[in-house]
Amino acid sequence: SLLGLCLIAQIATGLFLAMHYTADTSMAFSSLAHICRDVNNGWLLRNLHANGASFFFICIYLHIGRGMYYGSFLFKETWNIGVILLFLVMATA
Numbered sequence: 133s134l135l136g137l138c139l140i141a142q143i144a145t146g147l148f149l150a151m152h153y154t155a156d157t158s159m160a161f162s163s164l165a166h167i168c169r170d171v172n173n174g175w176l177l178r179n180l181h182a183n184g185a186s187f188f189f190i191c192i193y194l195h196i197g198r199g200m201y202y203g204s205f206l207f208k209e210t211w212n213i214g215v216i217l218l219f220l221v222m223a224t225a
């Protein structure tokens, strides 16, 4: 549930940031400056998005630790799906 909340927050802040971000190599830095300076609470959205990603991975590692503590790795199929999802999240980040 905490991972779901983090994911929803990441998607929401990412969508709001994507509305103002320009992916062109010559405009990327100036679009970040525009977001932080000119967009209402843009600095807050950017910081929430950046720190939310770190918090998301902290929650993932806590989830893995809890699974190891309770012996969830004995359920091979479920554990392997979780490992695949971990690698997908790491590749996406």
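Take 133 as the starting number for the sequence shown in this note's numbering and just add one per residue. Yeah, the Cβ is synthetic: ideal placement off N, Cα and C, and Gly gets one too.
Residue span of the alpha helix (DSSP H) that contains residue i, given as start and end
i, result
"T210", "K208 to T224"
"G199", "G174 to Y201"
Whether residue i touches residue j by CB criterion (7 Å)
i, j, result
"L177", "L149", "yes"
"L180", "T145", "yes"
"F189", "C138", "no"
"F205", "W211", "yes"
Neighbourhood of residue i by C-beta distance below 7 Å, restricted to the same chain and skipping five residues each side
i, result
"L134", "C191"
Nearest-angstrom beta carbon gap, residue j and residue i [assumed within contact, 8 Å]
i, j, result
"Q142", "G184", "5 Å"
"T157", "S163", "At roughly 11 Å, the Cβ-Cβ gap does not stay under 8 Å, so T157 and S163 are not in contact."
Contact set for residue i: own chain, Cβ-Cβ below 8 Å, skip 5 residues either direction
i, result
"E209", "none"
Subject >> 4-residue-minimum alpha helix (DSSP H) runs that sit fully inside the region 133–159, ordered along the chain >> reply: For the alpha helix (DSSP H) assignment, the uninterrupted runs of no fewer than 4 residues enclosed by the region 133–159 are, from N- to C-terminal side, 134–150.
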